[in-house]
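Residues in the sequence shown are numbered consecutively from 0, following numbering that gives the first Met the number 0.
Read through the structure below, which is laid out as structure tokens, and then see the notes.
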Amino acid sequence: MKQIILLQVSGLKTHIITNGNSLPIVDNVSFVIKMGETVGLVGESGCGKSMTALSLIGLQKPAKIIGGKVIFNGTDLVSLDKKSIREYRGKKIAMIFQEPMTSLNPVMSCGKQILEAVKMQGELNGAHAKQRVIELLNLVKYPDPKMGYKSYPHELSGGMRQRVMIAMALAGKPDLLIADEPTTALDVTVQAEIVNLLKKIQQQLGMAILFITHDIGLIKQVSDKIMVMYAGQIIEEGPTEIILKSPLHPYTKALLACLPRIDEKMEILPSIPGNVPTPGNYPSGCRFHPRCSIAVEGCSVDEPEFVEVSDSRRVRCPYV
Ligand SMILES: Nc1ncnc2c1ncn2[C@@H]1O[C@H](COP(=O)(O)OP(=O)(O)O)[C@@H](O)[C@H]1O
Ligand SMILES: [Mg+2]
């Protein structure tokens with residue numbers, strides 16, 4: 000099951016086009032997601048993670064895909080028109096976001112919103128559709144599905160709202176769930192609950208998950224494979240355990256060094272010096288070189304290619 004390729008992204012380039020300027024946001028991104036696999040996409044805020052995710056389902060205005068392919072179950076989604084992509088978005092590929100409140104309708108009960116998502120799939124109506132809503136609320140372990148059905152988003156906690164969003168996303172039995180910082184707005188214990196819930200649901204339904212987060216500490220609990228993104232590019236990729244145990248890229252190392260450690264008392268959490276460069280202002284050569292602790296002269300000149308460390312591992316730095 001795990002060996003069948005579900006999604007193959009190759010050479011994806013997404014630009015934002017404003018006032019005649021074309022700014023690269025996602026630059027030559029390639030990766031594979033296999034059926035039933037969880038892939039983590041991690042990097043600081045502003046690295047292009049959300050834009051990568053949105054590029055997969057064609058929701059990226061004022062951005063435009065200017066190159067590359069997004070092959071999903073054999074179809075190149077980039078080549079589809081707006082109408083055809085709707086057969087995938089919210090159906091075969093569903094997405095959940097950081098702040099459910101912005102995606103939920105404040106004046107409609109949660110049950111009705113899930114019901115709409117169920118009806119949109121075009122398979123169930125009437126009592127059957129309502130029954131399916133209750134099933135979905137059970138699936139996301141909503142404590143009292145009948146109450147949940149009647150509740151309005153503002154009456155719920157952040158964690159419960161995220162459960163409602165996950166129920167909506169699962170209405171179409173997606174093959175791929177894109178979870179873009181799904182727990183970032185939640186406090187730590189609720190974060191863990193939602194992550195565990197996603198893991199359980201995945202085991203039950205067998206879907207693949209693209210789990211996006213700025214928190215490399217969170218990703219180890221969920222993903223089979225990690226892709227690290229910096230300034231619009233993937234700079235390291237490999238199996239989760241190996242990346243966490245022996246990261247190669249100085250950026251990955253820096254992200255891991257910033258994690259709080261249980262064994263040490265830290266008053267102030269370390270952070271990587273400097274900022275993520277904004278699109279259009281990427282440094283020459285390696286985009287990370289101004290913040291890199293091992294940078295040498297050549298790093299500002301040559302843009303590093305991927306070094307294939309093993310079948311499943313690659314890194315965009317020749318000095319590691
Ligand atoms: N609509 C937009 N107009 C201009 N710049 C944008 C827009 N959306 C995103 N960006 C820029 O693209 C970069 C990547 O954004 P994003 O994909 O949201 O990053 P991430 O999800 O990793 O935090 C950021 O520098 C952001 O400011
Ligand atoms: Mg984002």
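From the three backbone atoms N, C-alpha and C, an ideal C-beta is built for every residue, glycine too.
Note that the structure is predicted; figures quoted are calculated from it, not measured.
1. Consider the C-beta atom of K48 and the heavy atoms of ligand 2; say whether any pair is separated by less than 7 Å.
2. How close, in whole Å, do the beta carbons of F210 and I200 come, if the pair is a contact with beta carbons under 8 Å?
3. Flag this pair as yes or no: are the beta carbons of G231 and I193 separated by less than 8 Å?
4. For the alpha helix (DSSP H) that contains R131, what are its first and last residues?
5. Considering A178, what are the terminal residues of the beta strand (DSSP E) in which it resides?
6. Have a look at the DSSP bridge pairing and note the partners of D75.
7. Quick one: what's got a C-beta closer than 6 Å to K60's C-beta in the same chain, skipping five residues either side?
8. Could you tell me whether any non-hydrogen atom of ligand 2 is closer than 7 Å to the CB of D214?
9. With three or more C-beta pairs closer than 8 Å as the rule, is the stretch 151-167 touching the stretch 34-46?
10. Measuring alpha carbon to alpha carbon, tell me which residue in V31, N18 and A93 is nearest I3.
11. With a threshold of 7 Å, establish whether the CB of D310 neighbours any heavy atom of ligand 2.
12. Extract the residue ranges of the beta strand (DSSP E) inside the stretch 36-62, only unbroken runs of 3 or more that lie entirely within it.
13. Starting from the Cα of L53, find the closest Cα among R131, A93, A184 and E43 and give me that residue.
14. Sort E98, T251 and Q203 by Cα distance to V314 and report the nearest one.
15. Mind checking which residues open and close the alpha helix (DSSP H) that includes A207?
16. DSSP on Q2, reduced to helix/strand/coil?
17. Kindly list the residues whose CB is nearer than 6 Å to the CB of P99, restricted to its own chain and excluding five residues on each side of it in sequence; keep chain order.
18. Skipping 5 residues on each side, what residues in its chain have a beta carbon closer than 8 Å to that of P105?
19. Pull up the distance between the alpha-carbon of S311 and that of M226, whole angstroms please.
20. Which residues in the same chain as L185 place their Cβ atom closer than 8 Å to its Cβ, once the five residues preceding and following it in sequence are excluded?
21. Which residues bound the alpha helix (DSSP H) around R162?
22. State the Cα-Cα distance for the pair C46 and M228, rounded to the nearest angstrom.
This is what the structure gives:
1. Against the sequence shown, residue 48 aligns to sequence position 49. At a cut-off of 7 Å, the beta-carbon of K48 counts as near ligand 2: some heavy atom of the ligand is closer than that.
2. In the sequence shown, the residue the question calls residue 210 occupies position 211. In the sequence shown, the residue the question calls residue 200 occupies position 201. Between F210 and I200, the beta carbon gap of about 13 Å keeps them out of contact (Cβ cut-off 8 Å).
3. Along the sequence shown, one-based indexing puts residue 231 at 232. Along the sequence shown, one-based indexing puts residue 193 at 194. Using a Cβ distance threshold of 8 Å, G231 and I193 do not count as a contacting pair.
4. Counting from one through the sequence shown, the residue named residue 131 turns up at place 132. In the DSSP annotation of this structure, the continuous segment of the alpha helix (DSSP H) that includes R131 starts and ends at G125 to L138.
5. Mapped onto the sequence shown, residue 178 falls at position 179. Segment L175 to D179, the beta strand (DSSP E) holding A178.
6. For the purposes of this step, residue 75 is identified with residue 76 of the sequence shown, where counting begins at 1. When beta bridges are read from the DSSP output, D75 appears opposite I70.
7. Along the sequence shown, read from residue 1 onward, the residue named residue 60 stands at position 61. Excluding five sequence positions before and after K60, none of the CB atoms of its chain fall closer than 6 Å to its own CB.
8. For the purposes of this step, residue 214 is taken as residue 215 along the sequence shown, with counting starting at 1. Within 7 Å of the C-beta of D214 there is not a single heavy atom belonging to ligand 2.
9. Touching, no.
10. Translated into the one-based positions of the sequence shown, residue 3 becomes position 4. That would be V31, whose Cα lies nearest to the Cα of I3.
11. Within the sequence shown, the letter at position 311 stands for residue 310. Answer for D310: no, Cβ out of range of ligand 2.
12. Considered as a whole, the stretch 36-62 harbours 37-41 as its complete beta strand (DSSP E) runs of no fewer than 3 residues, in chain order.
13. As a position in the sequence shown, residue 53 is number 54, starting the count at 1. The shortest C-alpha separation from L53 is found at A93.
14. The count along the sequence shown starts at 1 and reaches residue 314 at position 315. Minimum Cα distance to V314 is reached at T251.
15. The residue labelled residue 207 in the question sits at position 208 within the sequence shown. Secondary structure note for A207: it is in no alpha helix (DSSP H), and the uninterrupted beta strand (DSSP E) holding it is A207 to T212.
16. In the sequence shown, counting from the first residue as 1, residue 2 sits at position 3. The answer is coil: DSSP assigns Q2 none of H, G, I, E or B.
17. Taking the sequence shown and counting its residues from 1, one reaches residue 99 at position 100. Only R160, Q161 and M164 meet the Cβ criterion.
18. Locating residue 105 in the sequence shown gives position 106, where the first residue counts as 1. The beta carbon of P105 is closer than 8 Å to those of Y151, P152 and H153 in its chain, skipping five residues each way along the sequence.
19. Residue 311 sits at position 312 when you count from the first residue of the sequence shown. Residue 226 sits at position 227 when you count from the first residue of the sequence shown. Distance between the alpha carbons of S311 and M226 is about 11 Å.
20. Looking up residue 185 in the sequence shown gives position 186. Result list for L185: G157, G158, Q161 and I193, in chain order.
21. Counted from its first residue, the sequence shown places residue 162 at position 163. R162 -> alpha helix (DSSP H) spans G157 to L169.
22. Along the sequence shown, one-based indexing puts residue 46 at 47. Along the sequence shown, one-based indexing puts residue 228 at 229. For C46 and M228, the distance between alpha carbons rounds to 6 Å.
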